[in-house]
RNA sequence: GUGGCUAUAGCUCAGUUGGUUAGAGCGCCGGAUUGUGGUUCCGGAGGCCGGGGGUUCGAGUCCCCUUAGCCACCCCA
């Protein structure tokens, strides 16, 4: 039965399908993130995609309320889809911190939704990989956060990247001395654009949009003029913040983080003090992190975060300070594609098994099962087609090795192991079971 | 949300001032004496020219609407 008119298959604006080739890479990165987070003792949690609307609104400004996907559910409840993982974490902490105790180290890798306009690397459905340490003021958590970012990018395969670090207290201190604290949000927003639009225009915007004087704007922007080694910058910052206890505290914290990172073996080239990064709205109160790929600074920060004084103040009277960061998986993947870090394979199975002799199906199945039992991923071709076609398929899909066996091999109790990269094949005996084959496969994969 | 650009084969794109059966490269499928892929050669399939409406004797080409993508602004928990 053919319908009169077909439904056009299509996806919503900002929502995408993920094909095997890109999905394999996604899952690989997610796996690395899990491994690194767990290596530092962060434990996984998950929260619902849907929350009560009242949980989600109010935390951000009118802008986020506009971007929130919200509707009435079948029971007449006002609900919304989570647009980040921080607000659900806040609610989660308020609800469960009594059971879990502090400090709580958790990570969450999940999809979020924002009804904002799309652009390259910006979608309406995307994935975040958050990790946070909550319930502690200790600077150790700030240091570990940076270490995790560092280890994570390294494990993914990046070599040249820069973690920019700042401390919000420095800026707060300077605004305090200039008596501009009440305009902090607007000023920060302008300051955040510095790298993008340049110093002069930033100054002009500060004067225009925030109503500060040229002199005040210059004093704020003096922070961005600092140059030299991290040590030099810290010394200069200390002078600039000399009149403010808050500013001095921030400077001291920053100094401690930077020296700890060096002691932990993070190369200096990958850590840069950047006292002009402001990171969003007035959410953060201490250390701030932004991570840029040296080859692709334009794509923006791929891993950002910071310290906050009170995560869950909207939901509980328990004060929960913390620090954390988030890897923007989709932006990262876009970057990896751009710098050609994606290896092209659309199969997860390293071993391909040619199904050549239709009479011997059971033998193929048995051999494949033996290999899988040894932890290998094996795809047996589904039809006894011509061997050339099967190898062509294996080649296109990116299998590394092919096991070739026909009546000739079965009769002599052997099989061929063909390396699809080099084209060379080895004849191996199956007389003593699959062990020799398995050992050879492992050896070839290791090369 | 505002503005600009774009939409033609699976992908990247040609397509003259509107004019007959819309092309290329790559990919895909098949073949080159039937047990060995990536190179080469030959052949083949595959297009409501994003969708809808309009102008015209005639629209892939011009106009309007719509959907989607890219860019800028905005914003970025």
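Numbering (the working numbering), first residue to last: 9 to 455. Every residue, glycine too, gets a C-beta built ideally from N, C-alpha and C.
The C-beta of residue 261 has 16 or more other C-beta atoms within 10 Å across all chains shown, which makes the residue buried. Ranked by Cα distance from residue 291, the first of 318, 300, 271 and 63 is 318. Counted as a single uninterrupted DSSP element, the beta strand (DSSP E) harbouring residue 175 occupies residues 169-175.
Pairing residue 320 with residue 32 gives a Cβ-Cβ distance that is not under 8 Å. Between the alpha carbons of residue 426 and residue 435 lies a gap of roughly 9 Å. For residue 36, the uninterrupted alpha helix (DSSP H) segment begins and ends at 28-47. Burial check for residue 175: the Cβ neighbour count within 10 Å reaches 16 or more, so the residue is buried. In terms of Cβ geometry, residue 343 and residue 379 do not form a close pair [threshold 8 Å]. Following the DSSP letters along the chain, one finds residue 341 in no beta strand (DSSP E) but inside the alpha helix (DSSP H) bounded by residues 337-346. Under a 10 Å Cβ-count criterion, residue 417 is classified as buried, with 16 or more other Cβ atoms of the shown protein chains found around its own Cβ. DSSP, reduced to helix, strand and coil, places residue 204 within a helical segment of the structure shown. Per DSSP, the beta-bridge partners of residue 78 are 88.
Straight through space, the alpha carbons of residue 122 and residue 338 are spaced by roughly 14 Å. DSSP lists no bridge partner for residue 442. Per DSSP, residue 279 is one residue of the beta strand (DSSP E) stretching across 279-281. Ranked by Cα distance from residue 148, the first of 167, 183 and 111 is 111.
When 20, 21 and 35 are compared, the shortest CA-CA separation from residue 27 is found for 35. Take the alpha-carbon of residue 120 and the one of residue 73: they are about 14 Å apart. Look at the beta carbons and you see the stretch 159-175 touching the stretch 270-287: at least three pairs across the two are nearer than 8 Å.
Looking only at 162, 362 and 157, the smallest Cα-Cα distance to residue 297 is reached by 157. Between residue 105 and residue 143, the gap from beta carbon to beta carbon is short of 8 Å. Taking 8 Å as the cut-off, the Cβ atoms of residue 259 and residue 229 do not count as close. Closest option to residue 91, judged by alpha-carbon separation, among 78, 295 and 47: 78. When the beta-carbon positions are compared, residue 83 and residue 64 stay at least 8 Å from each other.
A straight-line Cα-Cα distance of about 25 Å links residue 22 and residue 39. Judged by DSSP in its simplified three-state form, residue 102 adopts helix. Inclusion of residue 364 and residue 396 in the CB contact set at 8 Å is not warranted, their separation being larger than that value. Across the structure, residue 401 and residue 355 are spaced so that their CA atoms are roughly 11 Å apart. One Cα belongs to residue 239, the other to residue 169, and the distance between them is close to 20 Å. A contact between stretches requires three or more CB pairs, one per stretch, nearer than 8 Å, and the stretch 263-275 fails this requirement with the stretch 128-144.
Rounded to whole angstroms, the separation of the alpha carbons of residue 372 and residue 420 is 15 Å.
Within the same chain, Cβ atoms closer than 6 Å to the Cβ of residue 232 are found at 202 and 284, the five residues on either side in sequence being excluded. Between residue 85 and residue 48, the C-beta spacing is not below 8 Å. Residue 147 sits in a helix when the DSSP states are folded into three classes.
Per DSSP, the continuous beta strand (DSSP E) segment holding residue 313 begins and ends at 311-316. In the structure shown, the three-state DSSP call for residue 330 is strand.
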